[in-house]
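Our numbering puts the sequence shown at residues 32 to 314. What follows is a set of notes on a single structure, which appears directly below.
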Amino acid sequence: EQGIMNGSALNLENVAVWAPDSQHDLRALDLRRVNSLELRNVRLNAFGKATLDGLRYPYGNPPPPVAGNIGVTLTDGSNNAPVNLVNVSATGFGQGFQVGGEHVVMVNCAATFGLYGFTFGNYPYHCAFNHPITLVNCCDEQNVNMPLFASCGDNGGELHGLQEVTMVSFNFERVAARVPGRKLGDLMRETRPGTWRGQIGFTTQPDWNAVNSVDLPLWAEDGSGTGFRTVNNAHKSACTSEERRSYYPQYMQQLFDLDLNKMLICTDPAKRKWVDALGNACP
Numbered sequence: 032e033q034g035i036m037n038g039s040a041l042n043l044e045n046v047a048v049w050a051p052d053s054q055h056d057l058r059a060l061d062l063r064r065v066n067s068l069e070l071r072n073v074r075l076n077a078f079g080k081a082t083l084d085g086l087r088y089p090y091g092n093p094p095p096p097v098a099g100n101i102g103v104t105l106t107d108g109s110n111n112a113p114v115n116l117v118n119v120s121a122t123g124f125g126q127g128f129q130v131g132g133e134h135v136v137m138v139n140c141a142a143t144f145g146l147y148g149f150t151f152g153n154y155p156y157h158c159a160f161n162h163p164i165t166l167v168n169c170c171d172e173q174n175v176n177m178p179l180f181a182s183c184g185d186n187g188g189e190l191h192g193l194q195e196v197t198m199v200s201f202n203f204e205r206v207a208a209r210v211p212g213r214k215l216g217d218l219m220r221e222t223r224p225g226t227w228r229g230q231i232g233f234t235t236q237p238d239w240n241a242v243n244s245v246d247l248p249l250w251a252e253d254g255s256g257t258g259f260r261t262v263n264n265a266h267k268s269a270c271t272s273e274e275r276r277s278y279y280p281q282y283m284q285q286l287f288d289l290d291l292n293k294m295l296i297c298t299d300p301a302k303r304k305w306v307d308a309l310g311n312a313c314p
């Protein structure tokens, strides 16, 4: 039955799963009936036919994958035992990783060349999505859209919110000429802005072999991400006013301005609005 502690343990290592293409609804790995989960060294590829035909990345110019074409769907929630994914990659899917459940740790996981690399809480679940999800040294590269945060909580599948997601040294690459369909989509967003919590430390590259960017936005400017402490790791914590103005800041980012000799806080990233501790605007 669906419910707390549903399913059994699963340890899956050194496996490759190829889907024929990215234009059909499917799940390469559906783990909703698993409670204690360990995936290691797993390779998922939605360009199976293209690969067999001898094509290699970027596989010609494929259309964007359909959203129902999914690499991995995690647990149904309230999984008491931890979930660990190490060295798992998903290439070419509509959703590379449908992340959910609790006590989830993902290390060195990569989602590339899809519609969404990572979505959180973007599938029906029957138990709690409350406890932490942590991603370490993971990457989202050449996907049309940046990560999507949907629902979380424990109210009979209804939104309750406030689940924590922490991303440590998370990397983005966004190059329009490389994503499926050759057009960039959404920035990172929440379907109900302000629902999720957590901490995100990231870098992002706008091109191949590029210097990490200091001036690219991350969150959609609709209130998404306001419950997170987000840091572009390419930003200094103290710099001149001129350098500060070159940054695309994050909501509530703090920075010490060496010219003004005081700590500033960003209250509106899109407008590059910084204020001091008394609320005075500091252009």
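Ideal Cβ positions, reconstructed from N, Cα and C, are used throughout, including at glycine.
Would you call Ala59 buried or exposed, if buried means 16 or more other Cβ atoms sit within 10 Å of its Cβ?
Here residue 59 is taken as the residue at index 28 of the sequence shown, counted from 1. Per the 10 Å Cβ criterion, buried.
Could you give the DSSP three-state label for Leu83: helix, strand or coil?
What you label residue 83 is simply residue 52 of the sequence shown in a count that begins at 1. If DSSP states are grouped into helix, strand and coil, Leu83 belongs with the helices.
If you run the structure through DSSP and keep just helix, strand and coil, what is Lys293?
Stepping through the sequence shown from its first residue, residue 293 is reached at position 262. Lys293: strand per DSSP, three-state reduction.
Are the Cβ atoms of Leu218 and Ala269 separated by less than 8 Å?
Indexing the sequence shown from 1 puts residue 218 at position 187. Indexing the sequence shown from 1 puts residue 269 at position 238. Cβ distance not < 8 Å, so Leu218 and Ala269 don't count as in contact.
Thinking Gly216 and Val175 are a contact (beta carbons under 8 Å), I'd like their distance in whole angstroms, please.
On the sequence shown, residue 216 is found 185 positions in, with the first residue counted as 1. On the sequence shown, residue 175 is found 144 positions in, with the first residue counted as 1. Yes, Gly216 and Val175 are in contact; Cβ-Cβ is about 4 Å, under 8 Å.
According to DSSP, is Lys267 helix, strand or coil?
Against the sequence shown, residue 267 aligns to sequence position 236. Looking at Lys267 - three-state DSSP - the assignment turns out to be coil, as it is neither helix nor strand.
Is DSSP giving Lys304 helix, strand or coil here?
Sequence index remark: in the sequence shown, residue 304 carries index 273 (1-based). Reduced to three states, the DSSP call for Lys304 is strand.
Is it true that the CB of Pro95 sits closer than 8 Å to the CB of Leu146?
Numbered from its first residue, the sequence shown carries residue 146 at position 115. Numbered from its first residue, the sequence shown carries residue 95 at position 64. Against a cut-off of 8 Å, the Cβ pair of Pro95 and Leu146 comes out as a contact.
How many angstroms separate the CA atom of Met177 from the CA atom of Cys170?
Residue 177 sits at position 146 when you count from the first residue of the sequence shown. Residue 170 sits at position 139 when you count from the first residue of the sequence shown. Cα to Cα, the separation comes out at about 11 Å.
Three Cβ pairs or more, each shorter than 8 Å: is that satisfied between the segment 152-171 and the segment 191-210?
Yes: at least three Cβ pairs fall under 8 Å.
So, for Thr261: in the same chain, excluding its five sequence neighbours on each side, which residues have a beta-carbon less than 6 Å away from its beta-carbon?
On the sequence shown, position 230 is the one that residue 261 refers to. So the list reads Ile231, Gln281, once near-sequence residues are dropped.
How is the beta strand (DSSP E) around Glu273 delimited, first residue to last?
Mapped onto the sequence shown, residue 273 falls at position 242. From DSSP, Glu273 is part of no beta strand (DSSP E) but of the alpha helix (DSSP H) over 272-276.
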